[in-house]
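Structure record follows, encoded as structure tokens.
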Amino acid sequence: MKNKIFGSFALAGALLGSLSAADYDVFGHIGGTFNKGFSNGNKAFDYSNGEYKNADYAGLTAQLGLDIGFGNLHIGAAGWGGYGFYGSPKDYTGNGYTYGESRYTKKYGDLSDLYVKYDGQIELAVGRFDTEFLKSDWIAGHTQGVAAKWDSKYFGVWATWVNDYATYGYKPNRFGSEISSFDRYSSSFNHFDIGNRDLFAGGINIDLGFLKIDPFVHYWLGGYGYYGDETNAGNHSMIQAGTKVALEFGNDASIKSITSGRVLWQNIIGVDSDDTFLFWADEEVRFKNMVKVGAGWYSVGKNNGIYTINDRSRFYGTTYLTPSKSSYFGQNVSSWYIFAGFESEIVNFDLLYANGDYNEFSAILSWNVFKAKNDLALDIGGGYVSNGFQSKAVQQNNAVIFAKLSF
Numbered sequence: 001m002k003n004k005i006f007g008s009f010a011l012a013g014a015l016l017g018s019l020s021a022a023d024y025d026v027f028g029h030i031g032g033t034f035n036k037g038f039s040n041g042n043k044a045f046d047y048s049n050g051e052y053k054n055a056d057y058a059g060l061t062a063q064l065g066l067d068i069g070f071g072n073l074h075i076g077a078a079g080w081g082g083y084g085f086y087g088s089p090k091d092y093t094g095n096g097y098t099y100g101e102s103r104y105t106k107k108y109g110d111l112s113d114l115y116v117k118y119d120g121q122i123e124l125a126v127g128r129f130d131t132e133f134l135k136s137d138w139i140a141g142h143t144q145g146v147a148a149k150w151d152s153k154y155f156g157v158w159a160t161w162v163n164d165y166a167t168y169g170y171k172p173n174r175f176g177s178e179i180s181s182f183d184r185y186s187s188s189f190n191h192f193d194i195g196n197r198d199l200f201a202g203g204i205n206i207d208l209g210f211l212k213i214d215p216f217v218h219y220w221l222g223g224y225g226y227y228g229d230e231t232n233a234g235n236h237s238m239i240q241a242g243t244k245v246a247l248e249f250g251n252d253a254s255i256k257s258i259t260s261g262r263v264l265w266q267n268i269i270g271v272d273s274d275d276t277f278l279f280w281a282d283e284e285v286r287f288k289n290m291v292k293v294g295a296g297w298y299s300v301g302k303n304n305g306i307y308t309i310n311d312r313s314r315f316y317g318t319t320y321l322t323p324s325k326s327s328y329f330g331q332n333v334s335s336w337y338i339f340a341g342f343e344s345e346i347v348n349f350d351l352l353y354a355n356g357d358y359n360e361f362s363a364i365l366s367w368n369v370f371k372a373k374n375d376l377a378l379d380i381g382g383g384y385v386s387n388g389f390q391s392k393a394v395q396q397n398n399a400v401i402f403a404k405l406s407f
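Mind the numbering: the sequence shown is residues 1 to 407 in UniProt numbering, read in order.
Shown next, in the form of structure tokens:
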């Protein structure tokens, strides 16, 4: 009996010792945004009174999480919530949702993170986690499943199984996107549907300094429809494969040129003549690693649009235009764009004009008011987004402001 008691005390002591030696990192954010549409193309039907009104909204999102580190081993959990506290029209959906509530849903909270992660030369994460460490062009945000990556100086390999995902509105490269909308994992408080909509993906990263090559493959088990599906079954498996090739010349201290090309092929299995593709070229020139200018062009095949969890494009339209969200990678869409910007630790600015089947003019500014040593930071921003220069009947013009306190 004494041995059991002493053993229990020893185990408790070892556990307390491990906890006292652990690193604790609290992370998250709280932020809000206001978006005002003020043109004919911004109008939406209000079921509450049968009138058309400009689609406006205001909402906020917040995340609070804790990461506990034992050397390279981490365990963590976090919650993420969103609330659309103002919206016009008052009844946008016909079932009592304001436009703001349609952007943030009435399912106000979600468990964004619940993971065990090993963070060494090999990175391995299990559970719900942020996939940014994979550095995939098309899988960005939070996923539920398993992901692994191995990196060396010139070569890396990554693979993931995704059972479910949630971007929480986040779009890489676009300021304020993570507070512009909210929707949770479809499997939260529901069911996992393992084997019905899962994604298996993997890729290789070759880094030779001036030349970077990143081939990848995605295999979706099902759950996605396609153009011309008369049954609307939407349960076909889908395969995607492609690569990114980038050439970098110059250096950050003076002038640097980044020329990138992306190719993505997509096929829905069991469907004839549905193959589609994406060709995408982008040239960016950077001065002193602060000022950027460039141009790009892309084209999507005529048989179908491109389905992705996320992307690393430069477009703000899907984030801020109301009430509709333009699909820049839709079926048979081709466009060109020019852009400029400024990046620093204090002020960041994006300016873009796109023309073709997809149209956009956007100017977004983000100001880092302060950033403390403990990662506490305040960002305030805003700007203007439109669907280019259209006829008065379809012109969309949106003004947006946002603020985010992160830690």
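Glycine included, each C-beta is placed from N, C-alpha and C at the ideal position. These numbers were taken from a predicted model, which means no experiment stands behind them.
Per DSSP, cross-strand counterpart(s) of residue i
i: R286; result: K256 and K292
i: A159; result: A148 and G202
i: D193; result: Its beta-bridge partners do not exist; DSSP assigns none.
i: V300; result: L278
i: I401; result: F34 and G382
i: residue 414; result: The requested residue 414 is not part of the displayed model; the chain covers only 1 to 407.
i: Q63; result: H29 and W80
i: S406; result: H29 and A377
i: K43; result: N54
i: V347; result: W367
i: Y165; result: T143
i: S362; result: L352 and V385
Close Cβ partners of residue i (< 6 Å) along its chain, the five nearest in sequence each way excluded
i: L405; result: I30 and L378
i: F349; result: G341, F342 and L365
i: F361; result: Y353, S386 and G388
i: V26; result: L66
i: S48; result: K90 and D91
i: L278; result: L264, V300 and I306
i: E284; result: I258, K292 and G294
i: K36; result: D56 and A399
i: A125; result: Y115, K117 and A147
i: F200; result: W161 and Y219
i: A241; result: V217 and W265
i: N205; result: G156 and D214
Sequence-distant residues of the same chain with beta carbon closer than 7 Å to residue i, five excluded per side
i: G109; result: G79 and G81
i: F287; result: I255
i: S186; result: D164
i: N72; result: Y118, D119 and G120
i: L321; result: V385, N387, Q396 and N398
i: L134; result: A147, K149, W158 and T160
i: N54; result: G37, F38, N42, K43 and S88
i: K371; result: A377
i: Y170; result: G141, S177 and E178
i: G222; result: N196, R197, N235, H236 and S237
Proximity winner among the options, relative to residue i (alpha-carbon distances)
i: I122; options: K135, K107 and G156; result: G156
i: I258; options: A281, S188 and I401; result: A281
i: K373; options: G242, F407, F70 and N355; result: F407
i: Y219; options: N196, I206 and K288; result: N196
i: H142; options: G176, A77 and R174; result: A77
i: V162; options: D130, G176, F175 and S177; result: D130
i: Y99; options: V245, Y185 and P323; result: P323
i: S112; options: E178, Y118 and E101; result: E178
i: F249; options: N235, N289 and I268; result: N289
i: residue 466; options: L211, I269, D198 and D23; result: With the chain running from 1 to 407 in the structure shown, residue 466 is simply not present.
i: G330; options: L351, L321, S299 and S313; result: S299
i: I309; options: W150, Y168 and G32; result: Y168
i: residue 422; options: S102, N173 and K135; result: This structure cannot speak to residue 422, because the chain is shown only from 1 to 407.
i: T276; options: L376, K106 and N303; result: N303
i: P172; options: F315, G28 and G383; result: F315
i: I401; options: S273, G176, N205 and S260; result: G176
i: G356; options: V347, E345 and S326; result: S326
i: W367; options: G381, N359 and D375; result: G381
i: N45; options: Y97, K106, Y24 and H191; result: In the sequence on display, residue 45 carries Phe and not Asn. The candidate whose alpha carbon is nearest that of F45 is Y97.
i: D207; options: R174, L247 and G222; result: L247
i: S180; options: G317, N267 and D198; result: G317
i: K153; options: S273, E345, I194 and G209; result: G209
i: A403; options: F34, Y52, S188 and G242; result: F34
i: H236; options: E51, D375, S260 and D272; result: D272
i: A21; options: E345, F70 and Y52; result: F70
Cβ-based neighbour list, residue i, same chain, cut-off 8 Å, excluding 5 preceding and 5 following
i: E132; result: A140
i: S137; result: The question names Ser, but residue 137 is Asp in the sequence shown. Cβ within range, chain order: D214, F216, K244, R262, D311 and R312.
i: G28; result: A62, Q63, L64, G65, A78, S406 and F407
i: H74; result: D67, I68, Y115, V116, K117, Y118 and D119
i: A393; result: N40 and G41
Residue i CB to nearest heavy atom of the ligand ATP below 7 Å
i: V300; result: In the structure shown, the ligand ATP is absent, as is every other ligand, since no ligand is present at all.
- Is the segment 55-63 close to the segment 83-97, with three or more CB pairs under 8 Å? yes
- Query: Can you list, in chain order, the stretches of the beta strand (DSSP E) that have 3 or more residues and sit fully within the segment 76-138?
  - Reply: 109-119 and 122-130
- Query: At a cut of 8 Å, does the segment 329-337 reach the segment 291-305 through at least three beta carbon pairs?
  - Reply: yes
- Task: Write down every uninterrupted run of the alpha helix (DSSP H) in the segment 309-357 whose length is 4 residues or greater and which is fully enclosed by it, in chain order.
- Result: 317-320
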